[in-house]
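Worksheet: one structure, shown below.
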Amino acid sequence: MSMQNPVFIPGPTNIPESVRKACDMPTLDHRSSAFARMFKPAVDGVRRVLKMDQGEVIVIPSTGTGGWEAAVTNTLSPGDTVLAARFGMFSHRWIDLCQRHGLNVQIIETPWGHGAPLAQIEAALRADRAGKIKAVLATHNETATGVKSDIGGIRAAMDAAGHGAMLFVDGVSSIASMPFDFAGWGVDIAVAGSQKGFMLPAGLAILGVSPKAIAAMETARLPRSFFDFKDMLVSYARGGYPYTPAVGPIAGLAHSIDLLETEGLENVYARHHRLAEGVRRAVFAWGMSPYAASADLYSDTVTAVKVPAGCDGTALVQLAATKYGMAFGVGLGEVAGKVFRIGHLGMLTEAMVLSGLCVAEMCMADLGWPVKLGSGVSAAQEYYRGTVPALAMAAE
Ligand SMILES: *Cc1c(COP(=O)(O)O)cnc(C)c1O
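For reference, each letter of the sequence shown is one residue, going 20 to 415 in the working numbering.
See below:
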């Protein structure tokens, strides 16, 4: 039989059967009108998910990391200054990518477990009278620590400082799972990947790009070729692509957005919040806590669980994989061993989440952690019993 369990890593996420089928298709000539007919609904759908009122959607055969690279190389020049807070592995890696491209990154070191520091961002922008900072980089959901940042708050800080920098947002582990407001937050580039909230295999970098960021391409001198937005936009206008598109995943993207919109984006966000809240109830019932420093920072797509002193989060992840065939996320970087991560985004139901909590508990008992079997599961059960809406997953 198949020993397949749902995965509880924060991406790649579980793939709905119908999305797998939508990706699995015979070869199609990408220069034919059939491709254009398939591509348009995917692009239009992304526009709605991001809540864009203007600008362009770009879909590149790549991953989220390629999306970061595309964002900076299309809009910036060597030596340009960007402002970024570092508070986890993913914000760190974006900063590292910028540095490798010869950008000057003004870094606001922020303790892991915290989010983007709005007051410090505003102060840095106010201090930049010469307007050297060309872009503010923000990791909407820091997947390493399970922390969400207030992107609307960053926009307000930028406006309060009267600064004209662009706002680039890494939404790889938030978009399509947590509310995102490209237009309302004045985002200039949003980066997503196919394998998280969109419930697809890895393989697409998905970007929303504002008219301001498009205009920045005219003077941006960082080298780019594969990721060049201009080549993309010229080809899109003709219903084509500058090279061979990832046709299967693009077909899947249109279908996954259809699933999300059939459920209703607001319901998708509410489901993620509910699933996350059940996980958090379980974590507290275990006598542990999320790594995020305060409740307003709790991510609805991933929880980094702080493990008790003397316990090793990585050991739990290994045991879950080898004994029970279930995948959780290890702690990365500074929090290696100190946390294990439960991803709760994409195609998940209450019943699936309960199975993950149940296996995590068995591992804790196996490892001799001071946790009572059933304590976390029952806390989540009580919460879900009282909150699950009728026919929550009728769409699928
Ligand atoms: C997963 C992730 C990335 C990296 O995306 P890849 O698709 O692995 O390249 C970037 N940022 C965040 C916040 C992520 O969760």
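Yeah, the Cβ is synthetic: ideal placement off N, Cα and C, and Gly gets one too. Please read these numbers as outputs of a predicted model, since none were measured by experiment.
Worksheet item: Assuming Lys325 and Val358 make a contact with CB atoms under 8 Å, what is their CB distance in whole Å?
Response: 6 Å
Practice prompt. Please confirm whether any heavy atom of ligand 3 lies closer than 7 Å to the CB of Ala221.
Written response: You won't find ligand 3 in this model; what it holds is ligand 1.
Worksheet item: What residue does the alpha helix (DSSP H) around Thr84 start on, and which one ends it?
Response: Gly83 to Thr94
Worksheet item: Hey, is Ser196 close to ligand 1, as in C-beta under 7 Å from one of its heavy atoms?
Response: no
Worksheet entry | Straight-line gap, Val407 to Ala295 (C-alpha atoms, nearest Å) | 13 Å
Worksheet item: Cβ of Phe27 versus every heavy atom of ligand 1: is any distance shorter than 7 Å?
Response: no
Worksheet item: Would DSSP call Gln118 helix, strand or coil?
Response: helix
Fill in: Top-ranked residue by Cα proximity to Gly172, from Asp315, Ser308, Val378 and Thr320
Asp315
Worksheet entry | Cβ of Pro261 within 8 Å of any chain D Cβ | In the structure shown, chain D does not exist; there is a single protein chain.
Item to complete: Please name the residue, chosen from Met57, Gly375, Thr94 and Ala232, that lies closest to Arg240 on a Cα-to-Cα basis.
Response: Thr94
Practice prompt. Confirm, please, whether the CB-CB distance from Ala221 to Gln214 is below 8 Å.
Written response: yes
Discussion item. If you measure between the beta carbons of His49 and Pro264, is that distance less than 8 Å?
Written reply: yes
Worksheet item: Any heavy atom of ligand 1 closer than 7 Å to the Cβ of Thr84?
Response: yes
Worksheet entry | Sequence-distant residues of the same chain with beta carbon closer than 8 Å to Leu338, five excluded per side | Cys382, Asp385 and Leu386
Practice prompt. Could you check how far apart the C-beta atoms of Gly350 and Thr322 are, in whole angstroms? I think they sit under 8 Å.
Written response: That belief does not hold up - the Cβ atoms of Gly350 and Thr322 are roughly 12 Å apart, past 8 Å.
Fill in: Ordered list of alpha helix (DSSP H) runs contained in the segment 204-258, each at least 4 residues
230-235 and 248-256
Discussion item. Given the structure, does Asn160 come close to ligand 1, in the sense that its CB is under 7 Å from one of the ligand's heavy atoms?
Written reply: yes
Discussion item. On a Cα-Cα basis, can you pick out the residue from Pro35, Gly134, Lys40 and Asn33 that is closest to Gly267?
Written reply: Lys40
Item to complete: Examine the Cβ distances between the segment 148-159 and the segment 100-108 and report whether three or more of them are shorter than 8 Å.
Response: yes
Practice prompt. Closer than 6 Å by C-beta to Phe25: which residues in its own chain qualify, once you throw out the five before and the five after it? Chain order, please.
Written response: The amino acid occupying residue 25 in the given sequence is Pro; Phe does not appear at that position. Asn33 and Met371.
Fill in: Segments of 4+ residues assigned as alpha helix (DSSP H) that fall wholly inside the segment 332-377
332-343
Worksheet item: Using the beta-carbon count (16 or more within 10 Å), is Tyr262 buried or exposed?
Response: exposed
Discussion item. Could you check whether the Cβ of Gln214 sits closer than 7 Å to any heavy atom belonging to ligand 1?
Written reply: yes
Item to complete: With a threshold of 16 other CB atoms inside 10 Å of the CB of Ala53, please say whether the residue is buried or exposed.
Response: exposed
Fill in: Per DSSP, cross-strand counterpart(s) of Lys151
Beta-bridge pairing links Lys151 to no other residue.
Practice prompt. Whole angstroms is fine: what's the gap from Phe201's alpha carbon to Ile77's?
Written response: 14 Å
Worksheet entry | Other residues of its chain near Tyr343: CB distance less than 8 Å, five sequence neighbours each side excluded | Asn24, Val378, Met381 and Cys382
Item to complete: Please go through the same chain and pick out, in chain order, the residues whose beta-carbon is closer than 7 Å to the beta-carbon of Gly205, but skip the five residues on each side of it.
Response: Arg174 and Leu186
Worksheet item: Beta carbon of Gln400, beta carbon of Leu373: below 8 Å?
Response: yes
Discussion item. Tell me the DSSP secondary structure of Val124 in three-state form.
Written reply: strand
Worksheet item: Going along the chain, which unbroken runs of the beta strand (DSSP E) with 3 or more residues stay wholly within the segment 28-55?
Response: none
Item to complete: Can you give me the Cβ contacts of His111 inside the same chain, cut-off strictly under 8 Å, excluding the 5 residues immediately before and after it?
Response: Arg105 and Gly352
Discussion item. For Val253 and Ser51, what's the separation of their Cα atoms in angstroms?
Written reply: 16 Å
Item to complete: Flag this pair as yes or no: are the beta carbons of Ala89 and Leu144 separated by less than 8 Å?
Response: no
Discussion item. Is the separation between the beta-carbon of Val38 and that of His274 shorter than 8 Å?
Written reply: yes
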